Amino acid sequence: CRDIIKLCKPQFYAIENPVGHLRKFLGKPNYTFQPWWFGDPWTKRTDVWGKFNNPTRIYEEWETVPKIKELYIRPGRTKPSIAFLHKSAKRYIPSFKCFKAETDAAFRAITPQGFAKWFFEANTFY
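Using our numbering, the letters of the sequence shown correspond one by one to residues 92 to 217.
Structure, rendered in structure tokens:
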């Protein structure tokens, strides 16, 4: 990724990945978000590197996010985490209905649609 970016020098780009090992290679991300900040009622802390405008959070407090009561919450936790949901949970998430997710990994890899919408809005005229 970095070699292509260095070679092409794009005016806009974004690399999105859950918080983890990619930080060792790409360094500190430009932005880190939780899906619930943009209305998707679950957690999955995600980093974004690149040249882009940060979207503005829609929700500041978890309590104000519209919930999907069918999503599993692990014992001892207060919020659902997409990392612990099975692909069968897709049927409860209206914004995921258009995606094929034949495995749990494919389901968990879907970019939260609330974030995608607000990221697009923030960068339409980048």
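From the three backbone atoms N, C-alpha and C, an ideal C-beta is built for every residue, glycine too.
These figures come from a predicted structure and were not determined experimentally.
Asked                                                                                                                        : Found
Could you please give the first and the last residue of the uninterrupted alpha helix (DSSP H) stretch that includes Glu212? : 204-214
What are the complete alpha helix (DSSP H) segments, minimum 4 residues, inside the stretch 112-165?                         : 113-117
First and last residue of the alpha helix (DSSP H) that includes Ile95?                                                      : 93-99
Taking 9 Å as the CB-CB cut-off, is Pro109 touching chain D?                                                                 : Among the protein chains of the structure shown there is no chain D, as only one such chain exists.
Measuring only the C-alpha atoms, how far is His177 from Asp195?                                                             : 6 Å
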